[in-house]
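Q: Take a look at this one; I'll ask things after.
In UniProt numbering, the protein residues as written are 1 to 233.
In structure tokens:
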């Protein structure tokens, strides 16, 4: 697996990459505060839904600072796990935390992995940053084995009106202020915008099926503010 840090991406992806490079130092700290320390619980649940086995080869995309990889290894210490992210600074933090894990700097639209290579693919809180989601999903499909599964853990817009109102107040007005104090206000203003532009459930399902996946299931957490999507090749 390549550790090459020279990757070619489109302009929109480049802007998102630069943003995550800037907040990498405070990413874990802020995630804990802004999710009320629930992000670890959500990752644990997603990994359980992914049905990972100890002999599996697992790819964690948008691995960031490595929190998903660490949790997968806790639950499945014998599995073979690889990490990939397009933010070089995020990968540097991940390497410091998990020096033994093979990591690759890569764009999800053009993954540097062989066809039918992985048993499982996970991506936590990163899919909404994929600029061409159908192309990204097609790459996910390409690199996993027949019968393999993809698990996407993502922040989503709640469907309940009251929950959506509370969610919007927090994410649109409170979160950017907190993020601005400790890190980048611009980055934490982008977060709620990216959530509200994320496809709704019906459109999301259609996108996944159009990419060629089957047996698609969704699990909602926190009244729909977080969604786990499981799909099979």
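Ideal placement from N, C-alpha and C gives every residue a C-beta, glycine not left out.
(1) Enumerate in chain order the residues of its own chain whose CB-to-CB distance from residue 73 is below 7 Å, with the five nearest sequence positions on each side excluded.
(2) Enumerated in chain order, which unbroken segments of the alpha helix (DSSP H) with a length of 4 residues or greater are wholly contained in the stretch 138-218?
(3) Among residues of its own chain, excluding the 5 on either side of residue 115, which ones have a beta-carbon nearer than 8 Å to its beta-carbon?
(4) With burial defined as no fewer than 16 other Cβ atoms inside 10 Å of the residue's Cβ, what is the status of residue 173: buried or exposed?
(5) Leaving out the 5 sequence neighbours to the left and right, which residues in its chain are closer than 6 Å to residue 118 when beta-carbon positions are compared?
(6) Would you decide whether residue 217 is buried or exposed? Buried here means 16 or more other CB atoms lie within 10 Å of its CB.
(7) On the CB-based measure, 16 or more other CB atoms within 10 Å of its CB, does residue 140 come out buried or exposed?
(8) In terms of residues, what are the limits of the alpha helix (DSSP H) holding residue 95?
(9) With respect to the alpha helix (DSSP H) encompassing residue 43, which residues constitute its N-terminal and C-terminal limits?
(10) Would the beta-carbon of residue 195 fall within 9 Å of that of residue 223?
(11) Which same chain residues end up closer than 7 Å to residue 210 when comparing Cβ atoms and leaving out the 5 residues on each side of it in sequence?
(12) According to DSSP, simplified to helix, strand and coil, what is residue 104?
A: With the given structure in hand:
(1) Within the same chain, and ignoring the five residues on either side of residue 73 in sequence, the residues whose Cβ sits closer than 7 Å to its Cβ are 81.
(2) Unbroken alpha helix (DSSP H) runs of no fewer than 4 residues, entirely contained in the stretch 138-218, are found at 161-169, 175-182, 185-196 and 201-210, following chain order.
(3) Taking residue 115 as the centre and dropping the five residues before and after it, the same chain places the C-beta of 142 and 143 closer than 8 Å to its C-beta, in chain order.
(4) Exposed.
(5) Excluding sequence neighbours, residue 118 sits near 57, 59, 143 and 144.
(6) That one is exposed.
(7) With 16 or more other Cβ atoms within 10 Å, it is buried.
(8) Counting along the chain, residue 95 sits inside the alpha helix (DSSP H) bounded by residues 88-97.
(9) Looking at the DSSP string, the run of the alpha helix (DSSP H) that includes residue 43 is 39-50.
(10) Contact check for residue 195 against residue 223 fails: the beta carbons are separated by 9 Å or more.
(11) Around residue 210: 134.
(12) Residue 104: strand per DSSP, three-state reduction.
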